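Student:
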Amino acid sequence: MYRTHHCNELRPSHAGETVTLVGWVNTKRDHHGVIFIDVRDREGVTQCVFRPEENSAAAELSHHLRQEDVIQVTGRVDLRPEFEGQTTVNTSIATGEIELVASELKILNKADVLPFQLDKELSNEDLR
Numbered sequence: 003m004y005r006t007h008h009c010n011e012l013r014p015s016h017a018g019e020t021v022t023l024v025g026w027v028n029t030k031r032d033h034h035g036v037i038f039i040d041v042r043d044r045e046g047v048t049q050c051v052f053r054p055e056e057n058s059a060a061a062e063l064s065h066h067l068r069q070e071d072v073i074q075v076t077g078r079v080d081l082r083p084e085f086e087g088q089t090t091v092n093t094s095i096a097t098g099e100i101e102l103v104a105s106e107l108k109i110l111n112k113a114d115v116l117p118f119q120l121d122k123e124l125s126n127e128d129l130r
């Protein structure tokens, strides 16, 4: 199946379900070998977590992702855990109470290296 849900649909009530998302890599963060990817589609954003112990091949492939790559991710919906007594819930996004623990990753399209960062508000006038 290509996709089971859009990125903005997942809520705590989906915890434990296996779902498939398709979208663009919005941001990527590496925390000691655990990769966090924010996947974006036309509906919203969902955080996906790639842990080597869940699927070493998917975790290794996630290291090579860059902004705007198009990916398909399958995994288990989990509630965001506490870390060192602190909540990891992100109240700024609708899906901030959950994360998708990835078990499969497929790169559908690699993006070219972008000439400027999309997350910056102002770009050089020469790039306009």
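Residue numbers (this note's numbering): 3 to 130.
Even glycine gets a Cβ: it sits at the ideal position worked out from N, Cα and C.
Small disclaimer: the values here were computed from a predicted structure and weren't measured.
Counting pairs of Cβ atoms below 8 angstroms between the segment 22-34 and the segment 80-92, do you hit three or more?
Tutor: no
Student: Taking 7 angstroms as the limit between beta carbons, can you name the residues of its chain near T6, skipping five residues before and five after?
Tutor: For the purposes of this step, residue 6 is taken as residue 4 along the sequence shown, with counting starting at 1. Apart from sequence neighbours up to five positions away, the residues of its chain that approach T6 with a beta-carbon distance below 7 angstroms are V21 and T22, ordered along the chain.
Student: Is it buried or exposed for H16, if we count other Cβ within 10 angstroms and need 16 for buried?
Tutor: Within the sequence shown, residue 16 is the residue found at index 14, counting from 1. It counts as buried.
Student: Can you grab the Cα-Cα spacing for the pair V115 / F52, in whole Å?
Tutor: Position 113 of the sequence shown, counting from 1, holds the residue named residue 115. Position 50 of the sequence shown, counting from 1, holds the residue named residue 52. Each residue's Cα considered, the two are about 23 angstroms apart.
Student: One question on the structure: do V72 and C50 come within less than 7 angstroms of each other, judged by their Cβ atoms?
Tutor: As a position in the sequence shown, residue 72 is number 70, starting the count at 1. As a position in the sequence shown, residue 50 is number 48, starting the count at 1. No, Cβ-Cβ distance for V72 and C50 is not below 7 angstroms.
Student: Candidates E45, I37, V47 and K112: which alpha carbon is nearest P54's?
Tutor: For the purposes of this step, residue 54 is taken as the residue at position 52 of the sequence shown. Comparing Cα positions, the closest option is I37.
Student: Buried or exposed, going by whether 16 or more other CB atoms sit within 10 Å of the CB of D32?
Tutor: Within the sequence shown, numbered from 1, the residue matching residue 32 stands at position 30. So D32 counts as exposed.
Student: Buried or exposed: which applies to S64, given that a residue is buried once 16 or more other Cβ atoms fall within 10 Å of its Cβ?
Tutor: On the sequence shown, position 62 is the one that residue 64 refers to. Buried: at least 16 other Cβ atoms inside 10 Å.
Student: So, under 8 angstroms CB-CB, G18 and I95 are touching, yes? Tell me the CB distance rounded to an integer number of Å.
Tutor: Residue 18 sits at position 16 when you count from the first residue of the sequence shown. Residue 95 sits at position 93 when you count from the first residue of the sequence shown. That belief does not hold up - the Cβ atoms of G18 and I95 are roughly 21 angstroms apart, past 8 angstroms.
Student: Take S58 as the anchor and find which of P117, T48 and G35 has the nearest alpha-carbon.
Tutor: If you number the sequence shown from 1, residue 58 lands on position 56. Selected option, being the one with the closest Cα: G35.
Student: So what's E62 in DSSP terms, helix, strand or just coil?
Tutor: Residue numbering aside, residue 62 sits at position 60 when the sequence shown is read from its first letter. Helix at E62.
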